[in-house]
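Trainee: In order, the protein sequences belong to chains A and B. Take any residue in the first sequence, count from 1 to its spot, add 11: that is its number in the numbering used here. Take any residue in the second sequence, count from 1 to its spot, add 1236: that is its number in the numbering used here. Here's a structure for you.
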Amino acid sequence: MNRRKFLLSSAAIAAIGLPLGYVVLKTEQTGAGSETLTLTYNAEENPDEKSLLAQLIQAQLKLDGIVVNLQPLSSVEYNDRIGKHEFQAALTLWYLDYNSPEGYLTDFYSKAGYRLSGYDNPAYDKAYLSGLFATNADVAQRGFQEAASIVDRDVVWLPLYSNNDLFLLKPGTEGFRSNAFQYYDYRGVTKPNLHVATDIEVQTLDPKLAYDLASKHLVTQSYEGLVALDSRNQLVPALADSWQVSADGQELKFSIRPNVPFHGTLAGKSPRFVTAADVKASFERTAASTSPYAYIFDHVLGIDEFRAKRASAIVGLEARGNLDFLIKLSRPVPAMLQWLLAPAASVMPYDLPKDYDFRTGSKGTGPFALQEWNGTKAVFKGNDAYWGNLAGSQSMANRSLTISVIKDPSVQLLAFNRGELDILNIPLALYGAILDKSGKLQAQWSNNELRVVALGNLKFVAFNLSPSGSGPDKALRERIGAVINRNEMVDRLFRGQARVATSVLPSDVFAKVL
Amino acid sequence: MTEWLHKSLRLVIGIWAVVTISFMCTYMLPGDPARIILGPQASAETLASFRSEYRLDQSLSAQYVSYASKVAKLDLGESFTQRQPVTRLLLARGITTFTLAISAICIAIGLGMFLPLLMAMAGSDRLSTTFGLILQGFAFPPPYLLAVAALGFVAGFLKIAPVMFDPNSSVSWLAAAIVLSAYPSALLFRLFIQCLSREMSQPYAQRAVASGFSRQHVLWHEVFRNACAEPLASATNALAFFFTSAFFVETVFGIGGLGRLAQEAIRQKDVATLNGVCLALCALVTITSLVMDAVHRVFFGKSKATAR
């Protein structure tokens, strides 16, 4: 073939092939004649789970003629698009750190600060508010259930599943406890020097700012609030040994546990015990800050004057004597006790210096006192004066806890195999290496205990229903809901270690509350 | 003196350019830092208060002027996420990355320059070709994969280092530094072999051999210094590679350095920290480059003329 013929035939192939290829590609992308949906997700958050799940949804909907275009984005771009409501459908998750349906339902309230779906329905608002400000549990239950059924009917979110937290425990660590809201309790572990890991970067060690799971994991070892959540997801006393809620639900009275010392000393003074004044100062510190949890004091009497700097203290937070503490609310808020679980409601000494560097130590009352933090590893020493030693377990004296940040799952597994980690929080990427197809422990790991904890989270697809949004109409949302096979997701992705979700309120966790 | 004045001026202009470019780039990153950092439940008042505290509610020009004037006073502001002075974070993390990068540079010089010299002195072309291929094999995979494989080999198979990085363990540092130096070592090795060969064919080296000096003597006393000049100049240009690739190595090995700090700052749109990391890297590269320039001048400035 001479050069001229070659060039002519190349040009002919290009002239026919390129447009043809374009048409084929375009048809493939848009699915000519069929419904299409763009599914946006944050490819940097739980990337293994998100990408597998997105592909599975794509495959399931394709069977019904719905073409799904996947749109994986970086964290920054994802948050930007979500914030501006520039998406059709978003694959995301919601997790709470307290045990109240209110936390799941707040997103649909038309006046909420952050509204993922941009949903606006006066009937919903009415039902939600009737639950939020109810004076008794029965009214709250009715309100929240009605609110949940409204959003479920409107298919604002497409709930998929709630997954489990899986741990591989070495002998001697069986006393480890955690709950549906990922509070990790190492007090009952008999192994004196414990090493564990987290796969998320730690943002801060300042309790009032701790918002991500890793920061909370570290902070809650050293700091405590008035109440805590046990492994059965029930509120239990912490620094308050008892509390009472007034009949109108507007006054919460706490009796502070006596003789609980803060870690170490302050300005060379001898160890000091927690008083009601410390609680008041700690709460005001959070309320005055740009803490992500500043909202928990939104309904306390006098908060507006305090935030506007017209008052130097919050009148609704009252220290009565040394050990009695009162919270007065402007309206009944049944979730208030649950909100006090946040690390931002931890109690610290009222005379803690304003510029205290939380990376250098801790001034809380928790079971472990921070000794060292180098950006990737936190070393804690057992608090030998800890008030809450568990019955039958060894005292906190002569114990240590090390929490390292290890982001790569294979490195975590290697460290566990080498004995450098005592507890492995099994990421999805390691399910294949540790679990068999039915979700049980493989024989090679039989010396270890598999601990399964049902999480109170929700993985779902959120549809954009904002007025300017481009989300699918209700008919398509319902069609998608009917086609999605949640059991396949649970079985194929999680080897059964997750629970199908059909409502925006994960039923198994909240069944006890509602 | 004038040359140093020019260099200092270039340095100032360079730093100003980095300050401006990094500020503009981070400003243009999508997303609202207040919402990303404070989360979905933060109220409008808290968000407004956060934006006001970090001047995010001001115009671009006002933010730039405020930032640039702070930088001029060596104040890099406060990290949005960690609420700590950025300089404090950079000092704590920068030392680790600097140590890692300098260790890797030393290893790269050892593997890429001294090893080929020894092989040339031994007169084994086959050995140097084989070793060059092995080095290139290590340089081929992306740094992240190489880091995972190296950690698995050192900590899982040989069991001579802990899996979780121990700053007190020299083997931990060595393993991380070797991974970081793999790619530059391979490049340096190839370049240095070529330079040695070129210098050996120069008249001054040929004359020395003809005068009865041994090949080893000529290589060590005459050729080595001249052959070093070009690879070292290239190494100066490749300095940024060491610092940026340290990001991957830090993630796998669990080293708390600037790389991980930068990654998180990008994820959270922590503009203050991100700008601080850019400036710190710029400063590290500039200072190391100046030191290497000085070394180059002292040791190699007139070497060829003297040798000839």
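Every residue gets a Cβ at the ideal spot worked out from N, C-alpha and C, and that includes glycine.
Shortest alpha-carbon distance to residue 1273 (chain B) belongs to which of A:142, A:202, A:219 and A:450?
Mentor: Residue 1273 (chain B) sits at position 37 when you count from the first residue of the second sequence. Measuring from the Cα of residue 1273 (chain B), the nearest candidate turns out to be A:219.
Trainee: Just checking: is the beta-carbon of residue 311 (chain A) within a distance shorter than 8 Å of some beta-carbon in chain B?
Mentor: Taking the first residue of the first sequence as position 1, residue 311 (chain A) is located at position 300. It does not: the Cβ of residue 311 (chain A) has no partner Cβ on chain B nearer than 8 Å.
Trainee: Skipping 5 residues on each side, what residues in its chain have a beta carbon closer than 8 Å to that of residue 307 (chain A)?
Mentor: As a first step, residue 307 (chain A) must be located in the first sequence, where it is residue number 296. Within the same chain, residue 307 (chain A) has close Cβ partners 297, 347, 350, 351, 353, 355 and 356.
Trainee: Measure the CB-CB distance between residue 228 (chain A) and residue 414 (chain A) and report whether it falls below 8 Å.
Mentor: By 1-based counting over the first sequence, the position of residue 228 (chain A) is 217. By 1-based counting over the first sequence, the position of residue 414 (chain A) is 403. Note that the C-beta distance between residue 228 (chain A) and residue 414 (chain A) is below 8 Å.
Trainee: So, is the C-beta of residue 486 (chain A) closer than 8 Å to a C-beta in chain B?
Mentor: For the purposes of this step, residue 486 (chain A) is taken as residue 475 along the first sequence, with counting starting at 1. Between residue 486 (chain A) and chain B, the shortest Cβ-Cβ separation is not below 8 Å.
Trainee: Can you tell me which residues form a DSSP beta bridge with residue 51 (chain A)?
Mentor: Translated into the one-based positions of the first sequence, residue 51 (chain A) becomes position 40. In the DSSP output, where bridge partners are listed per residue, residue 51 (chain A) has A:82 and A:101.
Trainee: Checking 8 Å against the spacing of the C-beta atoms, do residue 1397 (chain B) and residue 1407 (chain B) come in under that value?
Mentor: Counting from 1 along the second sequence, the entry for residue 1397 (chain B) is found at position 161. Counting from 1 along the second sequence, the entry for residue 1407 (chain B) is found at position 171. Cβ atoms of residue 1397 (chain B) and residue 1407 (chain B): closer than 8 Å.
Trainee: Thinking C-alpha only, which one of A:471, A:141 and A:166 is nearest residue 156 (chain A)?
Mentor: Along the first sequence, read from residue 1 onward, the residue named residue 156 (chain A) stands at position 145. When only C-alpha atoms are compared, the closest one is A:141.
Trainee: Is there a Cβ of chain A sitting closer than 8 Å to that of residue 1488 (chain B), yes or no?
Mentor: Position 252 of the second sequence, counted from the first residue, corresponds to residue 1488 (chain B). Yes - at least one Cβ of chain A is within 8 Å of the one on residue 1488 (chain B).
Trainee: Mind checking who residue 255 (chain A) pairs with in its DSSP beta bridge?
Mentor: Your numbering for residue 255 (chain A) matches position 244 in the first sequence. The bridge partners DSSP lists for residue 255 (chain A) are A:264.
Trainee: Strictly below 8 Å CB to CB, what residues from chain B border residue 327 (chain A)?
Mentor: Here the question's residue 327 (chain A) lines up with position 316 in the first sequence. By Cβ distance, chain B contributes nothing, its closest Cβ being about 17 Å from residue 327 (chain A), past 8 Å.
Trainee: With 7 Å as the limit, tell me which residues of the region 413-434 of chain A have their beta carbon closer than that to any beta carbon of chain B; keep them in chain order.
Mentor: 415, 416, 417, 418, 419, 421, 422, 425, 426, 429 and 431
Trainee: Counting along the chain, where does the beta strand (DSSP E) carrying residue 56 (chain A) start and finish?
Mentor: The residue you call residue 56 (chain A) lines up with position 45 of the first sequence. Here residue 56 (chain A) belongs to no beta strand (DSSP E), and DSSP marks it neither H nor E.
Trainee: Which runs of the alpha helix (DSSP H) at least 4 residues long sit entirely within the region 412-496 of chain A? Give them in chain order.
Mentor: 420-428, 442-445 and 485-494
Trainee: Which partner residues does residue 1338 (chain B) have in the DSSP bridge list?
Mentor: Position 102 of the second sequence, counted from the start, is the residue given in the question as residue 1338 (chain B). DSSP lists no partner for residue 1338 (chain B).
Trainee: What does DSSP give as the partner residues of residue 304 (chain A) in its beta bridges?
Mentor: By 1-based counting over the first sequence, the position of residue 304 (chain A) is 293. Bridge partners of residue 304 (chain A): none, in fact.
Trainee: For residue 514 (chain A), which residues in the same chain have their Cβ closer than 7 Å to its Cβ, ignoring the five residues on either side in sequence?
Mentor: Within the first sequence, numbered from 1, the residue matching residue 514 (chain A) stands at position 503. In its chain, beyond the 5 residues on either side, 159, 163 and 170 have a beta carbon closer than 7 Å to the beta carbon of residue 514 (chain A).
Trainee: Mind checking which residues open and close the alpha helix (DSSP H) that includes residue 339 (chain A)?
Mentor: Within the first sequence, numbered from 1, the residue matching residue 339 (chain A) stands at position 328. Per DSSP, residue 339 (chain A) belongs to no alpha helix (DSSP H); it is in the beta strand (DSSP E), 335-339.
Trainee: If we count the other Cβ atoms within 10 Å of its Cβ and call it buried at 16 or more, is residue 1250 (chain B) buried or exposed?
Mentor: Position 14 of the second sequence, counted from the first residue, corresponds to residue 1250 (chain B). Classification for residue 1250 (chain B): exposed.
Trainee: How is residue 1540 (chain B) classed by DSSP in three states: helix, strand or coil?
Mentor: As a working note, residue 1540 (chain B) is residue 304 in the second sequence. For residue 1540 (chain B), the predicted structure reports a pLDDT of 46, less than 50, and the residue's modelled location is therefore unreliable. A value from the coordinates is still provided. Three-state result, residue 1540 (chain B): helix.
Trainee: Residues in its own chain within less than 6 Å of residue 44 (chain A) by CB, not counting five upstream and five downstream?
Mentor: The count along the first sequence starts at 1 and reaches residue 44 (chain A) at position 33. A caution first: residue 44 (chain A) carries a pLDDT of 48, below 50, which makes its placement in the model unreliable, though a value can still be read off. Cβ neighbours of residue 44 (chain A) beyond the five flanking positions: none.
Trainee: Name, going along the chain, the residues of the region 1375-1408 of chain B whose beta-carbon falls closer than 8 Å to a beta-carbon of chain A.
Mentor: Cβ contacts with chain A come from 1384, 1387, 1388, 1391, 1392, 1395, 1398, 1399, 1400, 1401 and 1403.
Trainee: How close, in whole Å, do the beta carbons of residue 88 (chain A) and residue 1266 (chain B) come, if the pair is a contact with beta carbons under 8 Å?
Mentor: Within the first sequence, residue 88 (chain A) is the residue found at index 77, counting from 1. Within the second sequence, residue 1266 (chain B) is the residue found at index 30, counting from 1. Confirmed, Cβ separation roughly 5 Å.
Trainee: Taking all protein chains shown into account, do 16 or more other C-beta atoms lie within 10 angstroms of the C-beta of residue 1260 (chain B), making it buried, or fewer, making it exposed?
Mentor: On the second sequence, residue 1260 (chain B) is found 24 positions in, with the first residue counted as 1. With fewer than 16 other Cβ atoms within 10 Å, it is exposed.
Trainee: Using only CA atoms, which one of B:1313, B:1524 and B:1445 lies nearest to residue 1469 (chain B)?
Mentor: Counted from its first residue, the second sequence places residue 1469 (chain B) at position 233. Closest option to residue 1469 (chain B), Cα to Cα, is B:1524.
Trainee: Run through DSSP, which three-state label would residue 321 (chain A) get?
Mentor: By one-based count along the first sequence, residue 321 (chain A) stands at place 310. DSSP places residue 321 (chain A) in coil when its eight states are reduced to three.
Trainee: Less than 8 Å between C-beta atoms, sequence neighbours within five positions excluded: which residues of the same chain meet that for residue 396 (chain A)?
Mentor: Sequence index remark: in the first sequence, residue 396 (chain A) carries index 385 (1-based). Counting only Cβ-Cβ distances below 8 Å, and skipping sequence neighbours, we find 272 and 282.
Trainee: When you compare the CB positions of residue 1416 (chain B) and residue 1367 (chain B), do they come within less than 8 Å of one another, or not?
Mentor: Reading the second sequence from its first residue, position 180 is the one you call residue 1416 (chain B). Reading the second sequence from its first residue, position 131 is the one you call residue 1367 (chain B). Taking 8 Å as the cut-off, the beta carbon of residue 1416 (chain B) is found no closer than this to the beta carbon of residue 1367 (chain B).
Trainee: How long is the line joining the alpha carbons of residue 1449 (chain B) and residue 1458 (chain B), rounded to whole angstroms?
Mentor: Sequence index remark: in the second sequence, residue 1449 (chain B) carries index 213 (1-based). Sequence index remark: in the second sequence, residue 1458 (chain B) carries index 222 (1-based). Spanning the two alpha carbons is a distance of roughly 11 Å.
Trainee: Output the distance between the C-alpha atoms of residue 1431 (chain B) and residue 217 (chain A), rounded to the nearest integer angstrom.
Mentor: In the second sequence, residue 1431 (chain B) corresponds to position 195, counting from 1. In the first sequence, residue 217 (chain A) corresponds to position 206, counting from 1. The straight-line gap from Cα to Cα measures roughly 55 Å.
Trainee: Contact check, residue 104 (chain A) vs residue 469 (chain A) under 8 Å by CB: the rounded distance?
Mentor: Residue numbering aside, residue 104 (chain A) sits at position 93 when the first sequence is read from its first letter. Residue numbering aside, residue 469 (chain A) sits at position 458 when the first sequence is read from its first letter. A Cβ-Cβ separation of about 7 Å places residue 104 (chain A) in contact with residue 469 (chain A) under the 8 Å criterion.
Trainee: Among the residues of its own chain, which have a CB less than 6 Å from the CB of residue 1501 (chain B), if the five just before and after it don't count?
Mentor: Here residue 1501 (chain B) corresponds to residue number 265 of the second sequence, with the count starting at 1. Once the five neighbours on either side are set aside, the close Cβ partners of residue 1501 (chain B) are 1509 and 1510.
Trainee: To the nearest angstrom, report how far apart residue 1543 (chain B) and residue 1440 (chain B) are at their CA atoms.
Mentor: Walking along the second sequence from the start, residue 1543 (chain B) turns up at place 307. Walking along the second sequence from the start, residue 1440 (chain B) turns up at place 204. Only weak support is given to the placement of residue 1543 (chain B): the predicted model assigns it a pLDDT of 40, under 50, and the value that follows is read from those uncertain coordinates. Spanning the two alpha carbons is a distance of roughly 7 Å.
Trainee: Given that residue 91 (chain A) touches chain B, what residues does it touch there, using C-beta distances under 7 Å?
Mentor: Here residue 91 (chain A) is taken as the residue at index 80 of the first sequence, counted from 1. Under the 7 Å cutoff, chain B gives 1266 and 1267.
Trainee: Would you give the residue range spanned by the alpha helix (DSSP H) that residue 1250 (chain B) belongs to?
Mentor: Here residue 1250 (chain B) is taken as the residue at index 14 of the second sequence, counted from 1. Counting along the chain, the alpha helix (DSSP H) containing residue 1250 (chain B) begins and ends at 1238-1264.
Trainee: At 7 Å on the CB atoms, spell out the chain B contacts of residue 385 (chain A), in chain order.
Mentor: One-based indexing of the first sequence puts residue 385 (chain A) at position 374. Within 7 Å Cβ-Cβ: 1492.
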